[in-house]
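Since the structure comes first, as structure tokens, the remarks are kept for the end.
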Amino acid sequence: MSAEATAPGKIILFGEHSVVYKGPAILLAVDRRATVIASKRDDKRIYIDSEDLGFSGYFEDGKYTSVTGKIWRGRNMAALDVAARKVMAYLGIESGVNLKVRSMIPIAVGLGSSAAVCVATTAAVGELFDGNLTNEKISELSYEGEKVIHGNPSGADNNIATYGGIMRYERGVGLKRLKLDVSLPFIIGNTRKKRSTRNMVEGVKALRDRNPEVVDPIIYTMASLSQAGLDALLRRETKKLGDLMNLNQGLLSALGVSTIELDELVYAARREGALGAKLTGAGGGGCMIALAESENLNKVEKSIRAARGHSMRVNITDEGVKTRKIKDEYS
Ligand code: MEV
Numbered sequence: 170m171s172a173e174a175t176a177p178g179k180i181i182l183f184g185e186h187s188v189v190y191k192g193p194a195i196l197l198a199v200d201r202r203a204t205v206i207a208s209k210r211d212d213k214r215i216y217i218d219s220e221d222l223g224f225s226g227y228f229e230d231g232k233y234t235s236v237t238g239k240i241w242r243g244r245n246m247a248a249l250d251v252a253a254r255k256v257m258a259y260l261g262i263e264s265g266v267n268l269k270v271r272s273m274i275p276i277a278v279g280l281g282s283s284a285a286v287c288v289a290t291t292a293a294v295g296e297l298f299d300g301n302l303t304n305e306k307i308s309e310l311s312y313e314g315e316k317v318i319h320g321n322p323s324g325a326d327n328n329i330a331t332y333g334g335i336m337r338y339e340r341g342v343g344l345k346r347l348k349l350d351v352s353l354p355f356i357i358g359n360t361r362k363k364r365s366t367r368n369m370v371e372g373v374k375a376l377r378d379r380n381p382e383v384v385d386p387i388i389y390t391m392a393s394l395s396q397a398g399l400d401a402l403l404r405r406e407t408k409k410l411g412d413l414m415n416l417n418q419g420l421l422s423a424l425g426v427s428t429i430e431l432d433e434l435v436y437a438a439r440r441e442g443a444l445g446a447k448l449t450g451a452g453g454g455g456c457m458i459a460l461a462e463s464e465n466l467n468k469v470e471k472s473i474r475a476a477r478g479h480s481m482r483v484n485i486t487d488e489g490v491k492t493r494k495i496k497d498e499y500s
């Protein structure tokens, strides 16, 4: 028997970067998912194979050996090794596993692909050994993998990939899932420029270390803006929601995480009537999101494409991590 788990990607509506320090992030799970199939091995290797992500190789005693000859994002590979081993250690099992990884979430552009893959790995390995892991445990163990990739992540991404839906997450406080019976017409614009969340978070930290008197008030403002954004969302005040997204973009720019490419897509969207547009995720490249009234959605999308962005419409999904047993993949 093998076990399969899938987990969703995400967009951050408010609170990226500030959530590392203070206040909430407002996150939405989207209907692009990562899937991991886990099966048992006779040796102690963690064998990771992913055509989509472009790597194949195994970890043994913490040492990685590439099978394809191509080392792709070593930290991402190590994160899956750590996540799988943490699950087995938690369950008191010593074994090796095969992990077959597939993802429909574009990589390294702020849509939560690494968290989705970590969460799916944790859940698949848990299911493989009949561990009955709760969502809380899946998120907690996945966070260990996330730390390998991102250094000091807030925990936002592994939580949204685990629980799905719409979420308020605050470090040290916890998460709250929100019910929203309104469809949110978001468009994602992807600059297609990959970047590392770890580097972006470290860049903000360095800026803050050098200028705490200026950066701390910006972070406090972002934290209260994030809470105001949540209130506007719950009251369906779309105009205000758009204002707050635009304000948030200004503050993210002040922290140095926007780029010319992101700004171009943000202004392209606003020019065609978007109520609000901002980067989403760590910035430095990656994606932006635009909120527009339904009659403007096509115009906004066209404008993003004309500005050399790749546009995507995604739906918000309530479905967090899902697991099931399947017939053997590796027999
Ligand atoms: C990355 O998706 C969001 C950041 O706030 C980092 C984090 O929360 O760990 C930039």
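When the letters of the sequence shown are read in order and numbered with my numbering, they come out as residues 170 to 500. Built from N, CA and C at the ideal position, the CB exists for glycine as well.
Any non-hydrogen atom of the ligand MEV closer than 7 Å to residue i Cβ
{"i": "ALA451", "result": "yes"}
{"i": "VAL317", "result": "no"}
{"i": "THR129", "result": "Nothing in the structure corresponds to residue 129, since the chain is present only between 170 and 500."}
{"i": "VAL483", "result": "no"}
{"i": "VAL286", "result": "no"}
{"i": "ILE274", "result": "no"}
{"i": "VAL370", "result": "yes"}
{"i": "ILE181", "result": "yes"}
{"i": "HIS479", "result": "no"}
{"i": "SER323", "result": "yes"}
{"i": "GLY178", "result": "no"}
{"i": "ILE326", "result": "Here the sequence assigns Asp to residue 326, which means Ile is not the residue at that position. Within the cutoff, so yes."}
{"i": "GLY279", "result": "yes"}
{"i": "GLU185", "result": "yes"}
{"i": "VAL384", "result": "no"}
{"i": "VAL270", "result": "no"}
{"i": "VAL189", "result": "yes"}
Where residue i falls: helix, strand or coil (DSSP)
{"i": "VAL278", "result": "coil"}
{"i": "GLU173", "result": "strand"}
{"i": "LYS491", "result": "strand"}
{"i": "HIS186", "result": "coil"}
{"i": "ILE195", "result": "strand"}
{"i": "THR486", "result": "coil"}
{"i": "ALA443", "result": "coil"}
{"i": "ALA505", "result": "A query on residue 505 cannot be resolved here, the shown segment of the chain reaching from 170 to 500 and no further."}
{"i": "ASN415", "result": "helix"}
{"i": "LEU434", "result": "helix"}
{"i": "ASN380", "result": "coil"}
{"i": "LYS213", "result": "coil"}
{"i": "ASP299", "result": "coil"}
{"i": "ASN368", "result": "helix"}
{"i": "ILE262", "result": "coil"}
{"i": "ASP326", "result": "helix"}
{"i": "LEU466", "result": "helix"}
{"i": "LYS348", "result": "coil"}
{"i": "LYS179", "result": "strand"}
{"i": "ARG337", "result": "strand"}
{"i": "THR407", "result": "helix"}
{"i": "GLY314", "result": "helix"}
{"i": "ASN321", "result": "coil"}
{"i": "LYS237", "result": "One detail in the question is off: residue 237 reads as Thr in this sequence, not Lys. If DSSP states are grouped into helix, strand and coil, THR237 belongs with coil."}
{"i": "SER500", "result": "Residue placement at SER500 is poorly supported in this model, since its pLDDT is 46, which falls under 50; the coordinates still yield a value, given next. If DSSP states are grouped into helix, strand and coil, SER500 belongs with coil."}
{"i": "GLY398", "result": "helix"}
{"i": "LEU249", "result": "helix"}
{"i": "SER427", "result": "coil"}
{"i": "ALA476", "result": "coil"}
Residues that DSSP places opposite residue i in a beta bridge
{"i": "CYS456", "result": "ASN359, THR449"}
{"i": "LYS232", "result": "GLU229"}
{"i": "MET503", "result": "Only positions 170 to 500 of the chain appear in the structure, and residue 503 is not among them; the question remains open."}
{"i": "VAL270", "result": "VAL205"}
{"i": "SER219", "result": "PHE224"}
{"i": "GLY343", "result": "GLU339"}
Cβ-based neighbour list, residue i, same chain, cut-off 6 Å, excluding 5 preceding and 5 following
{"i": "GLU433", "result": "ALA476"}
{"i": "MET481", "result": "ILE357"}
{"i": "ASP251", "result": "Checking the displayed sequence, the identity of residue 251 turns out to be Val instead of Asp. Contacts found: GLU313, GLY314, VAL317."}
{"i": "ALA248", "result": "CYS287, GLY314, VAL317, ILE318"}
{"i": "ALA277", "result": "LYS363"}
{"i": "LEU302", "result": "GLY295"}
{"i": "LYS255", "result": "LEU310, GLU313"}
Own chain partners of residue i with C-beta closer than 7 Å, once the 5 adjacent residues on each side are dropped
{"i": "THR486", "result": "PRO177, ALA198, VAL199, ASP200, GLY333"}
{"i": "LYS408", "result": "LEU444"}
{"i": "ASP412", "result": "GLY445"}
{"i": "MET457", "result": "GLY358, LEU431, LEU434, VAL435, ALA446, LYS447, LEU448, THR449"}
{"i": "LEU466", "result": "PRO354, ILE356"}
{"i": "ASP190", "result": "Residue identity differs from the one stated: residue 190 is Tyr in this sequence, not Asp. Contacts found: ILE388."}
Contacts around residue i, its chain only, beta-carbon distance under 8 Å, and the 5 residues preceding and following it disregarded
{"i": "TYR227", "result": "ARG214, ILE215, TYR216, ILE217, TYR233, THR234, VAL236"}
{"i": "ILE495", "result": "MET170, SER171, ALA172, GLU173, ILE206"}
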